[in-house]
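Numbering-wise (the numbering used here), the sequence shown opens with residue 15 and increments by one. The C-beta atom is built at its ideal place from N, Cα and C for all residues, glycine as well. What follows is a short report on a single structure.
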Amino acid sequence: MKIAVPSQLTVLALGLTASALSLCTSLSIPSANDTERAATVNTTSYEIANVAREFLVGSTYYPLNPGPAMAIPSLYYSTLLSQVAVITELENPNVTTIATTLASLGPYDTLESFKAGYDALESAGLIDTPQAFDNSDENFGAMRLGIRGYQLSLVGPGE
């Protein structure tokens, strides 16, 4: 059984196919006559090498999967390094002392154990203790009405 196809639809389909092939050709590997692009690709290939990569966290390097790295850093990489330098300046110099103090007081499985850890760090002058431990409704109310509480007053009908 033959199906009649309008000639306009056929022309449109052929036109779309031709334009798609043209687009694919422009995005594919260029011909050998394109010497400028070939020179750029060749130069860039010498700047990229597979290396064992590592990621610095604190003072410890953690291995990553080996992969390509450019010998000449990109603008993104240079910007990333400058941002890491700024963040590194914000690190607490007492990190190891804090970790040792917290490890000696552990395990932390109750509100009181967390409070004892914070109090030990505050008394050592390492950090400021949080002013609220409101992990439940009871603690929320107790902290607002307790020693470290906030000034509360009853709201009148006209207020």
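Distances from the alpha-carbon of Leu125 to those of Ser150, Leu104, Asn47 put Ser150 closest. Runs of the alpha helix (DSSP H) lying entirely within the stretch 59-104 and spanning at least 4 residues, in chain order: 89-102. For the options Thr102, Ala53, Ser167, the alpha carbon positioned closest to that of Val71 is the one of Thr102. If the five residues before and after Ser96 are omitted, its C-beta is found closer than 7 Å to no C-beta atom of its own chain. In the structure shown, the three-state DSSP call for Tyr132 is helix. For the pair Pro82 and Glu50, the Cα-to-Cα distance works out to about 24 Å. Judged by DSSP secondary structure, Ser167 falls outside any alpha helix (DSSP H); it is assigned neither H nor E.
If you look at Ala113, you'll find it in the alpha helix (DSSP H) that goes 109-119.
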